[in-house]
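Counting in the numbering used here, the sequence shown tops out at residue 329, every number present.
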Amino acid sequence: MSPNFETITTLSVISGWLITLADDFADQLMFFQGEFLDQTLFINTNPIKYVRDLIAPVNIILVTTLWFPLSILAILVVVFFNAGENPRTRSTFALRKMFHFLAGVVFATGLLVSPHFLSFAAACVLLAFLAVEWNRKQGPSHISKILNDFLKPFRDSRDSGELIFTPIALLLGLSLPIWNFGFESHVSPRAWIGVITIALGDSVAALVGRKWGHYFYRWPGTHRTIIGSMASFISQMLLWALLAEFYGWSWQVGILPLGMGVLAEAYTEQIDNLAIPLLVMSLIPSTL
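As structure tokens, then:
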């Protein structure tokens, strides 16, 4: 079966991001004489100092007072959701968007407090996701059943195969900008792209589109609503402007990349949680 338009679009976006990332990496190697490579690969990092930085008091406070309670809350919500009496009346839409919001809170606070610790934590969560998915498919039957029941609300139409990729794509969409640009001496605007486009923009577009979209036009050939896209763009620009004021960026630089991301999201049906952050991240100037 030949690939459809959405598949080609998604692959094109990812290819463009890889090319842009390689170009940025080459520029860093050329103009900073290997300093960027040393920093990225931890060549000059003392392992003991790195571990000490990870368990710094501010990181422990962040985990114990915010991240851990939010994780417990998320687990309890899924448990009560699955225990609902009438499965037909339960909508997974609100549940998935709540997880978008909670993930956004976790990543936003991590970027503000400790980007390096957030990068490490995100890598650990990804490994945990992969371990859960492996046990769901290959583990003992009783464990597999529990995991299948727990993860069922997160499966959508794009998870037509054996792998439940939607939550993994969300994690990668939030994490890849940080893994690529979270080790710089200053917080790069591109490190925030996952939070801005997915945790905020995608959630706002879905909520506004579902609530008021039937009153307005849709994008030609898609189910996405124009008012949802407009709300997404406005919310993203507001957050971008606040961050620009806080970090000293130019807020005007975000108009074109975020606008292109909103338009691409309107026509991207497959793994948009991953494709859109990569597209927008590749459009942000590396000199910013």
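Don't be surprised by glycine CBs; every beta carbon is placed ideally from N, CA and C.
Looking at Leu-304, Phe-121, Leu-152, the one whose alpha-carbon comes closest to that of Ile-234 is Leu-152. Of the residues Pro-194, Ala-97, Ser-270, the one whose Cα lies closest to the Cα of Val-249 is Ser-270.
For Gly-302, the enclosing alpha helix (DSSP H) has its first and last residue at 296-308. Thr-263 sits in coil when the DSSP states are folded into three classes, being neither helix nor strand.
DSSP, reduced to helix, strand and coil, places Ala-149 within a helical segment of the structure shown. Rounded to whole angstroms, the separation of the alpha carbons of Glu-306 and Asp-313 is 6 Å.
The C-beta distance from Ile-239 to His-141 rounds to 7 Å, short enough to fall under 8 Å. Per DSSP, His-183 is one residue of the alpha helix (DSSP H) stretching across 182-192. Fewer than three beta-carbon pairs drawn from the segment 173-182 and the segment 99-118 are found closer than 8 Å, and the two stretches are therefore not classed as touching. Shown here for Phe-222: same chain residues with a beta carbon closer than 7 Å to its own, the five before and five after excluded, namely Ser-229, Arg-231, Ala-232 in chain order. Within the same chain, and ignoring the five residues on either side of Arg-137 in sequence, the residues whose Cβ sits closer than 7 Å to its Cβ are Phe-195. Taken in chain order, no unbroken stretch of beta strand (DSSP E) lies wholly in the segment 220-244 with a span of 3 residues or more.
In terms of Cβ geometry, Gln-277 and Leu-241 form a close pair [threshold 8 Å]. Around the beta-carbon of Ser-160, 16 or more other beta-carbon atoms lie within 10 Å, marking it buried. For the pair Ala-163 and Ile-219, the CB atoms are nearer than the 8 Å cut-off. Counting along the chain, the unbroken alpha helix (DSSP H) around Arg-93 starts and ends at 88-95.
Nearest in C-alpha terms to Gly-262, of all of Tyr-308, Pro-318, Thr-133, is Tyr-308. For the pair Ala-172 and Leu-315, the CB atoms are not nearer than the 8 Å cut-off.
Per the coordinates, the alpha-carbon of Val-119 lies some 18 Å from the alpha-carbon of Val-146. For Leu-319, the enclosing alpha helix (DSSP H) stretches over residues 313-324.
Relative to Pro-318, the option among Trp-281, Leu-217, Arg-265 whose CA is nearest is Leu-217. The C-alpha of Ile-267 lies about 23 Å from the C-alpha of Thr-133.
Closest in alpha carbon position to Met-139, among Val-154, Ala-124, Leu-188, Leu-117, is Leu-117. Inter-residue distance for Leu-280 and Gly-300 is about 14 Å (C-alpha atoms, whole angstroms).
If you check the CB distance, Leu-215 and Ser-155 do not come in under 8 Å.
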